[in-house]
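Mapping to the working numbering: the sequence shown position 271 is 383, numbers consecutive. Comments concern the structure below.
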Amino acid sequence: MNLGNGNGNIRTGGWKSIRIFPDGKGWALTYHGLLHTNDRGKHWNSVTPWQPDTQSGIFTSGVNTFVDGNVAWITKPGNTTYQQYGKTNEPQLAQVYRTNNGGRTWNNAEIPDTASSYSDIRSGPGTIIGVLQTLGETRHQVSITALSATNETDAWISVKRFYTHTGGGHEEMQTEYTRVWHSSDGGKSWQLLVENKASQGSQIMLPGLWTAFPDKSTGIQNGLTYSNLVVSHDGGRSWQSQNLPSMDYASGASTQKEPIFFNAHYGIIPVQTLIAGHYTLFYYTTHDGAKTWQASPTLYLGNTNPQISYGDAQHWFILQKEILYITEDGGSYWTHMNPKIPGKAVINFSFTSNTEGWAITSKTDSQDYKTYTQDGSTFLLHTVDGGKTWQEVTYQLV
Numbered sequence: 113m114n115l116g117n118g119n120g121n122i123r124t125g126g127w128k129s130i131r132i133f134p135d136g137k138g139w140a141l142t143y144h145g146l147l148h149t150n151d152r153g154k155h156w157n158s159v160t161p162w163q164p165d166t167q168s169g170i171f172t173s174g175v176n177t178f179v180d181g182n183v184a185w186i187t188k189p190g191n192t193t194y195q196q197y198g199k200t201n202e203p204q205l206a207q208v209y210r211t212n213n214g215g216r217t218w219n220n221a222e223i224p225d226t227a228s229s230y231s232d233i234r235s236g237p238g239t240i241i242g243v244l245q246t247l248g249e250t251r252h253q254v255s256i257t258a259l260s261a262t263n264e265t266d267a268w269i270s271v272k273r274f275y276t277h278t279g280g281g282h283e284e285m286q287t288e289y290t291r292v293w294h295s296s297d298g299g300k301s302w303q304l305l306v307e308n309k310a311s312q313g314s315q316i317m318l319p320g321l322w323t324a325f326p327d328k329s330t331g332i333q334n335g336l337t338y339s340n341l342v343v344s345h346d347g348g349r350s351w352q353s354q355n356l357p358s359m360d361y362a363s364g365a366s367t368q369k370e371p372i373f374f375n376a377h378y379g380i381i382p383v384q385t386l387i388a389g390h391y392t393l394f395y396y397t398t399h400d401g402a403k404t405w406q407a408s409p410t411l412y413l414g415n416t417n418p419q420i421s422y423g424d425a426q427h428w429f430i431l432q433k434e435i436l437y438i439t440e441d442g443g444s445y446w447t448h449m450n451p452k453i454p455g456k457a458v459i460n461f462s463f464t465s466n467t468e469g470w471a472i473t474s475k476t477d478s479q480d481y482k483t484y485t486q487d488g489s490t491f492l493l494h495t496v497d498g499g500k501t502w503q504e505v506t507y508q509l510v
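Here it is as structure tokens:
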């Protein structure tokens, strides 16, 4: 899909995230669509799988995962069905799109039971003892919270439904369920593996903020605290709680970031904490496929939100606007430098080795919605010396 601006040029808006792979192929998500490159970011093709909003031009996508330079999975949220008495609205379910050829073609399929619903006084007969009364509003909000894929055929998604009632003298909110679905045919069909309901108190709760499957049998989800995980060893059919080592300076305000697995056995989970205006970061590491975990030393960072990338299993990078932290031994020892990075703030970055990486930075101090929907509001930068120097990429949209 080629997204024109009326002059034959592709509209991108601000760039939001980038992922380049060692073979030079990669992806970039922008406010107006999805881009793909075959040549290390010199040329970008618009490969947006569905039409953005016709009025704003905004590409509204859900969660996504980029398996490699050819295979990508991305979700399209469903709509909210208004339930009005005597009328039936056809729900628009959430969909999963999948490509195995760098976005030239996409397959898509609906995910069962993923339309949110909304009801109010007009949703029922509307009278109580002959008098019209406001009974409040009820919402069943469905969201796809996580997507993980091991290849072009196997993927897992986590779906959560949240219940809210307001008004009419009654206030209530709760998570109704979390579900895990699996596809083994490239997203054409989805099998429900597990449904976790709040009413089933004996069950392990599945937070589902992120889900990672390093292989077809092992899956992990974030825990209810920073030192807890939910783990599956049967492909997502059953889940068990797993405690992790506790750490000094970590607290209830600590956040598990999404993990990365370098192979089926070796994976890491970054844990970030904001203390007195400054960030700390440490890693949980596994070498046996999520059976056991060890904690790394704590890294003390600056006062801006850190961005994380991995060149390979040993070379990791943490980038703040003023400082680049680097480890060459898998997180045991860190050095830092102060590179001059064009732009006002780092939005996202991606390393493919210990030397080569790309970054997206904002051009203005203003980081509001209006600014980022404008073309040219961000820089695309490139480094070939491990982050010491950065140059703006002169790229073409084709």
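For every residue, glycine included, the Cβ atom is placed at its ideal position computed from N, Cα and C.
Identify which residue in Phe-178, Ala-261, Lys-452, His-294 has its Cα closest to the Cα of Thr-501.
Lys-452
Return the CA-CA distance between Lys-137 and Lys-433, expressed in angstroms with no decimal places.
26 Å
Spatial neighbours of Glu-222 within its chain, please: CB distance less than 6 Å, with the 5 preceding and 5 following residues excluded, ordered by chain position.
Same-chain partners within the cutoff: Leu-205, Gln-207.
Is Val-496 buried or exposed, if buried means 16 or more other CB atoms sit within 10 Å of its CB?
exposed
In the DSSP assignment, what residue or residues form a beta bridge with Thr-287?
Phe-274
Residue closest to Thr-211, alpha-carbon to alpha-carbon, out of Ser-465, Asp-180, Leu-341, Ser-462:
Asp-180
Count the other C-beta atoms from every protein chain shown that fall within 10 angstroms of the C-beta of Ser-314, then say buried if there are 16 or more, exposed otherwise.
Legend: pLDDT at Ser-314 = 48, less than 50; position of this residue unreliable, value from coordinates given subsequently. By the neighbour-count rule (16 or more Cβ atoms within 10 Å), Ser-314 is not buried but exposed.
Going by DSSP in three states, Tyr-209 sits in which element: helix, strand or coil?
strand
Give me, in chain order, the residues of the same chain whose beta-carbon lies closer than 6 Å to that of Gln-406; leave out the 5 immediate sequence neighbours on both sides.
Around Gln-406: Thr-397.
Beta-carbon gap between Pro-357 and Asn-334 smaller than 8 Å
No. Outside cutoff.
If I measure Cβ to Cβ from Ser-366 and keep anything under 6 Å in the same chain, skipping five residues before and after, which residues do I get?
Tyr-338, Val-383, Thr-385
Are the beta-carbon atoms of Leu-509 and Trp-156 separated by less than 8 Å?
yes
Would Ser-421 pass as a contact of Gly-469 if the rule is Cβ separation under 8 Å?
Between Ser-421 and Gly-469, the gap from beta carbon to beta carbon is short of 8 Å.
Under 8 Å by Cβ, that's how I've got Gly-215 and Val-159 pegged, so tell me the actual separation to the nearest angstrom.
3 Å
For Pro-326, which of Phe-394, His-345, Thr-447 has the nearest alpha-carbon?
His-345
Beta bridge counterpart(s) of Tyr-391 as assigned by DSSP
Leu-386.
How close, in whole Å, do the beta carbons of Gly-125 and Thr-149 come, if the pair is a contact with beta carbons under 8 Å?
Between Thr-149 and Gly-125 the Cβ distance is about 17 Å, and since that is not below 8 Å, they are no contact.
Lys-128 and Ile-459 closer than 8 Å at C-beta
yes
For Lys-309: DSSP bridge partner residues:
Answer is Tyr-289, bridged to Lys-309.
Can you check DSSP and say which residues form a bridge with Ala-471?
DSSP lists Phe-461, Leu-493 as partners of Ala-471.
Taking C-beta to C-beta, are Thr-485 and Ile-472 nearer than 8 Å?
Against a cut-off of 8 Å, the Cβ pair of Ile-472 and Thr-485 comes out as no contact.
Rounding to the nearest angstrom, what Cα-Cα distance links Ile-438 and Tyr-230 in this structure?
About 48 Å.
Kindly indicate the opening and closing residues of the beta strand (DSSP E) around Tyr-230.
228-231
Beta-carbon proximity check, His-391 vs Gly-443, cutoff 8 Å:
First, the amino acid is wrong: residue 391 is Tyr here, not His. No. Outside cutoff.
Might you give, ordered along the chain, the residues of its own chain that have their beta carbon closer than 6 Å to the beta carbon of Thr-464, omitting 5 neighbours on each side?
Ile-132, Pro-134
Please classify Tyr-481: does DSSP put it in a helix, a strand, or coil?
helix
Ser-350 classed as buried or exposed, judged by whether at least 16 other C-beta atoms fall within 10 angstroms
exposed
In the DSSP assignment, what residue or residues form a beta bridge with Gly-145?
Thr-142
In terms of DSSP beta bridges, what is Ala-221 paired with?
Val-208
Cβ-Cβ separation, Ser-255 to Ala-324 (assumed contact under 8 Å), whole Å
At roughly 18 Å, the Cβ-Cβ gap does not stay under 8 Å, so Ala-324 and Ser-255 are not in contact.
Proximity below 8 Å, CB of Gln-286 to CB of Ala-258:
no
What is the DSSP secondary structure of His-345, reduced to helix, strand or coil?
coil
So Asn-219 packs on Gly-298, CB below 8 Å; how close in whole Å?
6 Å
Report the residue from Thr-250, Glu-440, Thr-226 whose alpha carbon sits nearest the alpha carbon of Asp-232.
Thr-250
Can you tell me whether DSSP reads Met-449 as helix, strand or coil?
strand
Would you identify the three-state DSSP class for Phe-55, choosing helix, strand or coil?
With the chain represented from 113 up to 510, any question about residue 55 goes unanswered, as that position is not in the structure.
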